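FYI, the numbering for the sequence shown is -15 to -1, 1 to 184, going by mature numbering (1 follows the signal peptide of the UniProt record, and there is no 0).
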Amino acid sequence: MKLLLLITYCIAVFANPILDVTAWNDTEVQVRDSAADSVNDGASLGRLLSRDSREAYDEATRAAGGSLRPNSYYYFMDCVIASKKYKPATFLARWALEKYGCSHVGLVVGKTNWLSNKFTATYIHVRLFNDGFWQTAHDYSPMEDQYLIYGGRTSSSKASKAKIERIIEKGEEWVKRAGIHLTERYNCVTHYMYLKSFL
């Protein structure tokens, strides 16, 4: 009887945290008040957790206008497609909107696989919240309302995993200097351009 009680208890404890994460959207899991124009990145938490480097390769190939070399490093500007009501607050935001239709940009840098059509990359970008800019860096996965814009090829001496970590650190230094307000000098486009300069 005690064994049955123990098994029932264990099942209840372990089954309780299993949630339908695919039903959560970014707005529901966001804990900070963002001043960004588009909070919903067009993907559920479940989609974010299911990285597919093949989809990333397809998007990178589309952005590059053809095939990518195997075992090579590339970087791209990730563009969040602007809604019709989006109003840019800075000159560079207006440039990103007029030239590419973006309301937000970030850096995607990574490497193609030697043997298969896969692109493993890191997505680095900043968001402005009430208490200032915050940078995030995570594995890149294509999103429904985003697309890549080809930046160029780079090398392992500039884009290896260790170098990407260094670029992320440089981005954190940028965030510390940025303060808490969106300005012509501190915005997502200047953050992208700053990080791109290390590639």
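All C-beta atoms, glycine included, are put in the ideal place defined by N, C-alpha and C. Keep in mind the model is a prediction, meaning the values are calculated, not measured.
- Beta bridge pairing from DSSP links Asp124 with Thr107.
- By the C-beta density criterion, Asn172 is buried, having at least 16 other C-beta atoms within 10 angstroms.
- Of the residues Glu158, Ile66, Ser88, the one whose Cα lies closest to the Cα of Thr75 is Ser88.
- In this structure Ala48 does not touch Tyr177 by the C-beta definition: roughly 15 Å separates them, more than the 8 Å allowed.
- Gln120 and Leu100 have their C-alpha atoms roughly 33 Å apart.
- In the DSSP annotation of this structure, the continuous segment of the alpha helix (DSSP H) that includes Ser142 starts and ends at 141 to 144.
- Here His123 is exposed. Its C-beta has fewer than 16 other C-beta atoms within 10 Å.
- Taking the C-beta atoms as reference points, Tyr132 is found nearer than 9 Å to Glu44.
- Excluding the 5 residues flanking it on each side, Ala106 has same chain C-beta neighbours closer than 7 Å at Ala41, Val93, Val94, Gly95, Tyr125, in chain order.
- Burial is judged here by how many other beta carbons sit within 10 angstroms of a residue's own beta carbon; Ala163 has at least 16 and is buried.
- Leu184 places its beta carbon less than 9 Å from that of Gly137.
- For Trp119, the pairing in a beta bridge is given by DSSP as Arg112.
- One alpha carbon belongs to Ile109, the other to Ile153, and they sit about 7 Å apart.
- Per DSSP, Tyr171 lies in no beta strand (DSSP E) and is assigned neither H nor E.
- Measuring C-alpha to C-alpha distances from Val90 to each of Leu113, Phe114, Asp63 identifies Asp63 as the nearest.
- It is roughly 20 Å from the alpha-carbon of Val111 to the alpha-carbon of Lys84.
- Phe76 carries a helical assignment under DSSP once its states are collapsed to helix, strand and coil.
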